[in-house]
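Notes to accompany the following structure.
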Amino acid sequence: MTTPLTAPVHPEPITPPTPREQLLNRIQRDIPIVQRPYAVIAEQVGLSEAEALAILREVKAEGVLRQVSAIFDTRTLGYQSSLVAAVHDEDQLDAGAEIVNAHPGVSHNYKRNHAFNLWYTIAVPPESDLEAHVQKLHEQSGARLTRLMPTLHLFKIGVEFDMTGKEDWNAKAAPQYTSEQRNIGYAVTDLDRAFVTEFQKDLPVTEEPYADACAALGLSIAEVAAHAEKMKTAGALRRVSAVFRHQKAGFTFNAMGVWAVPQEEVAETGRRMAEFKAVSHCYLRPTYAEWPYTIFTMVHGRSKEEAFGKIQAIHDEVAQGIDHAILYSTKEYKKIRLEFYKPEFYQWAKDNLGTDA
Numbered sequence: 001m002t003t004p005l006t007a008p009v010h011p012e013p014i015t016p017p018t019p020r021e022q023l024l025n026r027i028q029r030d031i032p033i034v035q036r037p038y039a040v041i042a043e044q045v046g047l048s049e050a051e052a053l054a055i056l057r058e059v060k061a062e063g064v065l066r067q068v069s070a071i072f073d074t075r076t077l078g079y080q081s082s083l084v085a086a087v088h089d090e091d092q093l094d095a096g097a098e099i100v101n102a103h104p105g106v107s108h109n110y111k112r113n114h115a116f117n118l119w120y121t122i123a124v125p126p127e128s129d130l131e132a133h134v135q136k137l138h139e140q141s142g143a144r145l146t147r148l149m150p151t152l153h154l155f156k157i158g159v160e161f162d163m164t165g166k167e168d169w170n171a172k173a174a175p176q177y178t179s180e181q182r183n184i185g186y187a188v189t190d191l192d193r194a195f196v197t198e199f200q201k202d203l204p205v206t207e208e209p210y211a212d213a214c215a216a217l218g219l220s221i222a223e224v225a226a227h228a229e230k231m232k233t234a235g236a237l238r239r240v241s242a243v244f245r246h247q248k249a250g251f252t253f254n255a256m257g258v259w260a261v262p263q264e265e266v267a268e269t270g271r272r273m274a275e276f277k278a279v280s281h282c283y284l285r286p287t288y289a290e291w292p293y294t295i296f297t298m299v300h301g302r303s304k305e306e307a308f309g310k311i312q313a314i315h316d317e318v319a320q321g322i323d324h325a326i327l328y329s330t331k332e333y334k335k336i337r338l339e340f341y342k343p344e345f346y347q348w349a350k351d352n353l354g355t356d357a
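Under UniProt numbering, think of the first position of the sequence shown as 1, with each following residue one higher.
Shown next, in the form of structure tokens:
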């Protein structure tokens, strides 16, 4: 078992969060689809609309705020997706990663401290063969071994950084988005596709950020909000929110805690792990002869000590005696937001697989 660094669960007590810190936390949860959403949020955190917009424009200019856009669920929209772990010879790793990066469906790609040294996520449209795409990347990138690690159960997904630095490492909150919110088999409409195309764009930090999307869709803000609620109910839309750049926001270290939880215990243990606010992703994934870990928990920290301390908190409360390991990124090869319905994907499939998808 890999033992995390010993670190306190509770940071030192400090002053209450400022309105600015509350704003930066708040916009990660959701941004309401109303005509002037920042006026609503500003009032909630004790700022004026003008003050809130000034802060957000500043953090965007600094590169901390990457974008404001909708977050969609790939599975509910019919896309197939998976985490992929691969083994590369060290001297071939960078070259292999570049080949993987060229796939338009690959959104994240990292080197990690493990024999499985390349980890990437890939998503393909409903009509595509996910395994064929991964097999082609395996061959082209020169991997010695590639394993698909799809989500068997989603206990939690939702990245929310504590921008105050004042939250306990073992703080709890009910997950906003789990497998139960997904509606596999949802019939995606033409309006859904148009909505996704507009709302996956970086929305402007203005008084009326939805104006352009409403005009493109030919709908009023009330009609757009009503359709958004329909997609939320179906599980296709999680929320509209701000996305921060981890490094720029100060979260320079991530840790993926992987746990060999017995199958008869995964439901309860996964549920409890997902309740930790520090956990941004919690999944049940398949095991292999060389990979015994069933549950994955991702955390982020301002330091290695903080990230490992958050894993330690999970261990101490939920997983004592369970074999586990901590994998962390040692190099970031690619990190983008997945964009749906992009023609570049179909061109890649034609060029590399000889198919339309």
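In this text, a Cβ means the ideal position worked out from N, Cα and C, and glycines have one as well. Note that the structure is a prediction, hence the values are computed from the model and not measured.
Which residue comes first and which comes last in the alpha helix (DSSP H) that contains residue i?
| i | result |
| --- | --- |
| Arg26 | 19–29 |
| Arg57 | 49–61 |
| His133 | 130–141 |
| residue 358 | Here the chain comprises residues numbered 1 to 357, so residue 358 is not present and cannot be evaluated. |
| Lys310 | 304–318 |
| Asn352 | 343–353 |
Excluding the five sequence neighbours on either side, which residues of its own chain have a C-beta within less than 6 Å of the C-beta of residue i, listed in chain order?
| i | result |
| --- | --- |
| Pro175 | Lys156, Ala274 |
| Glu344 | Pro104 |
Between residue i and residue j, what straight-line distance do the alpha-carbon atoms span, to the nearest angstrom?
| i | j | result |
| --- | --- | --- |
| Glu180 | Ala234 | 11 Å |
| Ala102 | Leu137 | 10 Å |
| Pro37 | Ala52 | 11 Å |
| Lys335 | Gly63 | 15 Å |
| Leu65 | Leu56 | 8 Å |
| Ala97 | Asp91 | 11 Å |
| Lys350 | Pro209 | 37 Å |
| Asn183 | Asp73 | 10 Å |
| Glu229 | Pro32 | 11 Å |
List the endpoints of the continuous beta strand (DSSP E) containing residue i.
| i | result |
| --- | --- |
| Leu203 | Element bounds for Leu203: n/a, residue is neither H nor E. |
| Ser69 | 65–72 |
| Ile326 | 324–327 |
| Ile41 | Per DSSP, Ile41 belongs to no beta strand (DSSP E); it is in the alpha helix (DSSP H), 37–45. |
| His88 | His88 -> no beta strand (DSSP E), and no H or E assigned at all. |
Can you find the residues in the same chain that come closer than 8 Å, C-beta to C-beta, to residue i, ignoring five residues on each side of it along the sequence?
| i | result |
| --- | --- |
| Arg285 | Leu83, Met149, Pro150, Thr151, Leu152, Tyr293, Thr294, Ile295, Phe296 |
| Gly78 | Pro125, Pro126, Tyr186, Val188 |
By Cβ distance, which residues of its chain are closer than 7 Å to residue i, with the 5 residues on each side in sequence left out?
| i | result |
| --- | --- |
| Asp30 | Arg239, Val240, Ser241 |
| Glu339 | Gln200 |
| Arg20 | Ile55 |
| Asn170 | Val9, Phe276, Ala313, Glu317 |
| Lys60 | Val205 |
By the 10 Å Cβ neighbour count, where 16 or more other Cβ atoms means buried, how is residue i classified, buried or exposed?
| i | result |
| --- | --- |
| Ser69 | buried |
| Asn113 | exposed |
| Glu306 | buried |
| Thr287 | exposed |
| Glu223 | exposed |
| Ile27 | buried |
| Leu191 | exposed |
| Leu47 | buried |
| Asp356 | exposed |
| Glu198 | buried |
| Glu160 | buried |
| Gln80 | buried |
**OP:** Evaluate contact between the segment 251–258 and the segment 314–331, counting only Cβ atoms and requiring at least three cross-stretch pairs below 8 Å.
**Re:** A contact exists between the segment 251–258 and the segment 314–331.
**OP:** State whether the segment 305–318 contacts the segment 266–280, with contact taken as three or more CB pairs (one from each stretch) at a distance under 8 Å.
**Re:** yes
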